[in-house]
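Residue numbers (the numbering used here), protein chains in the order written: chain A, 20 to 182; chain B, 20 to 182; chain C, 20 to 182. Even for Gly, the Cβ is constructed at its ideal location relative to N, Cα and C. The structure under discussion appears below in the form of structure tokens.
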Amino acid sequence: MAKSTQLIDNEVFRAYATYTTIVLLKMMLMSLVTAYFRITRKVRNWEYCLAFVNPEDVASFGKGETAKKYLRTDPDVERVRRGHLNDLENIVPFVGIGLLYALSGPELSTALLHFRIFTGARILHTFAYLIPLPQPGRGLSWAVAYTVTISMAYKVLKTALYL
Amino acid sequence: MAKSTQLIDNEVFRAYATYTTIVLLKMMLMSLVTAYFRITRKVRNWEYCLAFVNPEDVASFGKGETAKKYLRTDPDVERVRRGHLNDLENIVPFVGIGLLYALSGPELSTALLHFRIFTGARILHTFAYLIPLPQPGRGLSWAVAYTVTISMAYKVLKTALYL
Amino acid sequence: MAKSTQLIDNEVFRAYATYTTIVLLKMMLMSLVTAYFRITRKVRNWEYCLAFVNPEDVASFGKGETAKKYLRTDPDVERVRRGHLNDLENIVPFVGIGLLYALSGPELSTALLHFRIFTGARILHTFAYLIPLPQPGRGLSWAVAYTVTISMAYKVLKTALYL
């Protein structure tokens, strides 16, 4: 047990653990937001790209045509799902590169700066997507988080490069 | 080499490694299921959100209109792809938070309980999606895996919090 | 700090860090390619599954109907997005299983072989998707990367199995 406890005792690693958990929880929250919109808009269990839904999900609404009218898409649900996918595309690189970055021995203050800006930018991005805020709010918050990840990747490659 | 071997000697970490590999392999299996449905339904290489496919994929079926009739969507392929995306949305947080959880020094029995329930719930979720089973089978298995991830996140934040 | 620096001093782990960073950066590049196609095709900020876009994104193009004509889908943007999603589906398992593999004490030469083939195959896959190359170019590069991940998973389970 000693080994693992030592890694989690490292301050940079603890900061990584904290912010990674926060952004992953934020991403998971999108599932609940989707469910909320589906229920309030009666677009139950509809998923991506629709026109297709799962017919078993509307079985409780009635028989045949009565149920089928709920099998449709909804712009608000679409919006949440696009935000969710954008999270996946951007948070996956952060989690992977961030772990390697935390292990590459950065300064604690520099590491905190990276993690905090990334987390703040992604939370802002979610609000910008869901409210929605006028552009370039969403574009800028996306770009800031993207740049932070690139900066961490640069540090990893500089420290660990082994082709 | 000593360092890495030591980490993998930790029992909690070995359990994490085992269950993470299993759920990731399960997720990868969805690609093969998609391919299987595409071939049996002649909806080759169609991907998400369709109406668009890759025309080069149907070139071998004949010229012009003969080939184009295969460029369409199919409810079964759709269903697998929605399941695949749901996997991504839920297994990515498990892999990330689970790693931090395994390093935060949990009891072996508690950790095993988390990993086993999550893995079982996601396998059940896949069957519920593909067969499909009547609701709330799929919804419940999703919720169980979701709750396990939240529980691990809570332990990580309690142990490692460093904002 | 010692602990983390030691892990990154391990040669297999450094190789993992390098190739993981490269494939994640390659995946992130897909966002920029999407943006490029959107701007050149005036399909701004359209995302997955279209027919729905974010109306706020076309506000700067004019009022009402003038702006709305830009809210449409485009086959090239579709193609990039499918490639991006395929990356997520395949690179996430590589990052997760690869980390466990790197910690399971493989031979350096074997590990390098796995990481190099995977990275090469995924870069080839991206070119095959975007140019596009005639099949089976894309299918083969996908299968090679898939097989490499399975091979790493086998090694992890053989070394660490703890159910």
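Next on the checklist: Can you look up B:E97 in the DSSP assignment and give me helix, strand or coil?
Outcome noted: Counting from 1 along the second sequence, the entry for residue 97 of chain B is found at position 78. Of the three classes helix, strand and coil, the one that applies to B:E97 here is helix, per DSSP.
Next on the checklist: Quick check on DSSP: helix, strand or coil for A:P112?
Outcome noted: On the first sequence, residue 112 of chain A is found 93 positions in, with the first residue counted as 1. Under the three-state reduction of DSSP output, A:P112 falls in the helix class.
Checklist entry - Between A:S160 and the rest of its own chain, which residues show a CB-CB distance below 7 Å, the 5 nearest in sequence each way excluded? => result For the purposes of this step, residue 160 of chain A is identified with residue 141 of the first sequence, where counting begins at 1. Excluding the 5 residues flanking it on each side, A:S160 has same chain C-beta neighbours closer than 7 Å at A140, L143, H144 and A147, in chain order.
Next on the checklist: If the cut-off is 7 Å on Cβ atoms, which residues from the stretch 42-64 of chain B count as contacting chain C, listed in chain order?
Outcome noted: Listed by position, the residues of the stretch 42-64 of chain B near chain C (Cβ gap below 7 Å) are L43, L44, M46, M47 and S50.
Checklist entry - Is B:D106 closer than 7 Å to B:M46 when the C-beta atoms are compared? => result Translated into positions along the second sequence, residue 46 of chain B becomes position 27. Translated into positions along the second sequence, residue 106 of chain B becomes position 87. In this structure, B:M46 sits near B:D106, with a CB-CB distance shorter than 7 Å.
Checklist entry - In chain order, what residues of the stretch 120-142 of chain C put their CB closer than 8 Å to some CB of chain B? => result Residues passing the 8 Å Cβ filter: A121, L122, S123 and G124.
Checklist entry - Sorted by chain position, which residues of the same chain lie with C-beta nearer than 8 Å to C:T53's C-beta, five sequence neighbours on each side aside? => result Residue 53 of chain C sits at position 34 when you count from the first residue of the third sequence. Only residues of its own chain outside the window of five on either side were considered, and among them V96, V99, R100 and H103 have a CB closer than 8 Å to the CB of C:T53, listed in chain order.
Next on the checklist: My output table needs one value for C:G156: the three-state DSSP class, helix, strand or coil.
Outcome noted: The sequence position of residue 156 of chain C within the third sequence is 137, counting from 1. Looking at C:G156 - three-state DSSP - the assignment turns out to be helix.
Next on the checklist: Whole angstroms are fine: how far does the CA of B:M49 sit from the CA of B:I150?
Outcome noted: By one-based count along the second sequence, residue 150 of chain B stands at place 131. By one-based count along the second sequence, residue 49 of chain B stands at place 30. Cα-Cα distance, rounded: 14 Å.
Checklist entry - Can B:S123 and B:T178 be called in contact, C-beta distance under 7 Å? => result One-based indexing of the second sequence puts residue 123 of chain B at position 104. One-based indexing of the second sequence puts residue 178 of chain B at position 159. Their beta carbons are under 7 Å apart, which means B:S123 touches B:T178 by this criterion.
Checklist entry - Sorted by chain position, which residues of the same chain lie with C-beta nearer than 7 Å to A:V31's C-beta, five sequence neighbours on each side aside? => result Walking along the first sequence from the start, residue 31 of chain A turns up at place 12. Excluding positions up to five away in sequence, the list reads A121, P125, L127 and A130.
Next on the checklist: Helix, strand or coil for B:L131? Go by DSSP, reduced to three states.
Outcome noted: As a working note, residue 131 of chain B is residue 112 in the second sequence. DSSP places B:L131 in helix when its eight states are reduced to three.
Item to check | B:T182 burial status per 10 Å Cβ neighbour count (16 or more: buried) | outcome: Taking the second sequence and counting its residues from 1, one reaches residue 182 of chain B at position 163. In the sequence as displayed, the identity of residue 182 of chain B is Leu instead of Thr. It is exposed - the Cβ of B:L182 has fewer than 16 other Cβ atoms within 10 Å.
Checklist entry - Which whole-angstrom value describes the C-beta separation of A:I136 and A:V114, a residue pair presumed to lie in contact below a C-beta threshold of 8 Å? => result Here residue 136 of chain A corresponds to residue number 117 of the first sequence, with the count starting at 1. Here residue 114 of chain A corresponds to residue number 95 of the first sequence, with the count starting at 1. The beta-carbon separation of A:I136 and A:V114, rounded to 16 Å, does not stay under the 8 Å limit for a contact.
Item to check | Residue environment, C:I116, which counts as buried when at least 16 other CB atoms sit within 10 Å | outcome: Position 97 of the third sequence, counted from the first residue, corresponds to residue 116 of chain C. Burial call: buried.
Item to check | Interface residues of chain A facing B:G115 [CB-CB closer than 7 Å] | outcome: The sequence position of residue 115 of chain B within the second sequence is 96, counting from 1. By Cβ distance, chain A contributes T39, L43 and V114.
Next on the checklist: Which residues in chain B have a C-beta closer than 7 Å to the C-beta of C:T178? List them in chain order.
Outcome noted: Reading the third sequence from its first residue, position 159 is the one you call residue 178 of chain C. Under the 7 Å cutoff, chain B gives I27.
Checklist entry - Any C-beta of chain C sitting closer than 7 Å to the C-beta of A:Y181? => result To locate residue 181 of chain A, count along the first sequence from 1; it is residue 162. A:Y181 counts as touching chain C.
Checklist entry - Taking the Cβ atom as the reference point for each residue, do C:T138 and C:I41 lie within a distance shorter than 7 Å? => result The count along the third sequence starts at 1 and reaches residue 138 of chain C at position 119. The count along the third sequence starts at 1 and reaches residue 41 of chain C at position 22. C:I41 sits close to C:T138, with the two beta carbons spaced by under 7 Å.
Checklist entry - Is the Cβ-Cβ distance between A:A193 and C:L44 less than 7 Å? => result Residue coverage of chain A in this structure runs from 20 to 182, which leaves residue 193 of chain A outside it and unanswerable.
Item to check | Spatially closest choice to B:A34 from B:V175, B:P112, B:R57 and B:H133, by CA coordinates | outcome: Residue 34 of chain B sits at position 15 when you count from the first residue of the second sequence. Nearest of B:V175, B:P112, B:R57 and B:H133 to B:A34, Cα basis: B:H133.
Next on the checklist: Could you tell me the alpha carbon to alpha carbon distance between B:F56 and A:K174, rounded to whole angstroms?
Outcome noted: One-based indexing of the second sequence puts residue 56 of chain B at position 37. One-based indexing of the first sequence puts residue 174 of chain A at position 155. B:F56 and A:K174: Cα-Cα distance of roughly 43 Å.
Checklist entry - Where does B:T59 land, buried or exposed, given buried means 16+ other C-beta within 10 angstroms? => result On the second sequence, residue 59 of chain B is found 40 positions in, with the first residue counted as 1. With fewer than 16 other Cβ atoms within 10 Å, it is exposed.
Next on the checklist: Between which residues of its own chain and A:I110 is the CB-CB distance below 6 Å, once the five residues before and five after are set aside?
Outcome noted: To locate residue 110 of chain A, count along the first sequence from 1; it is residue 91. If we look at A:I110 and ignore the five residues flanking it on each side, its Cβ neighbours are V42 and M46.
Checklist entry - the ligand GTP heavy atoms versus the CB of B:I142: any closer than 6 Å? => result Summarising the ligand content, the structure contains no ligands, and the ligand GTP is consequently not present.
Next on the checklist: Check whether chain C comes within 7 Å of A:A172, counting only Cβ atoms and requiring the distance to be less than that.
Outcome noted: Here residue 172 of chain A corresponds to residue number 153 of the first sequence, with the count starting at 1. Yes, A:A172 counts as interfacial toward chain C.
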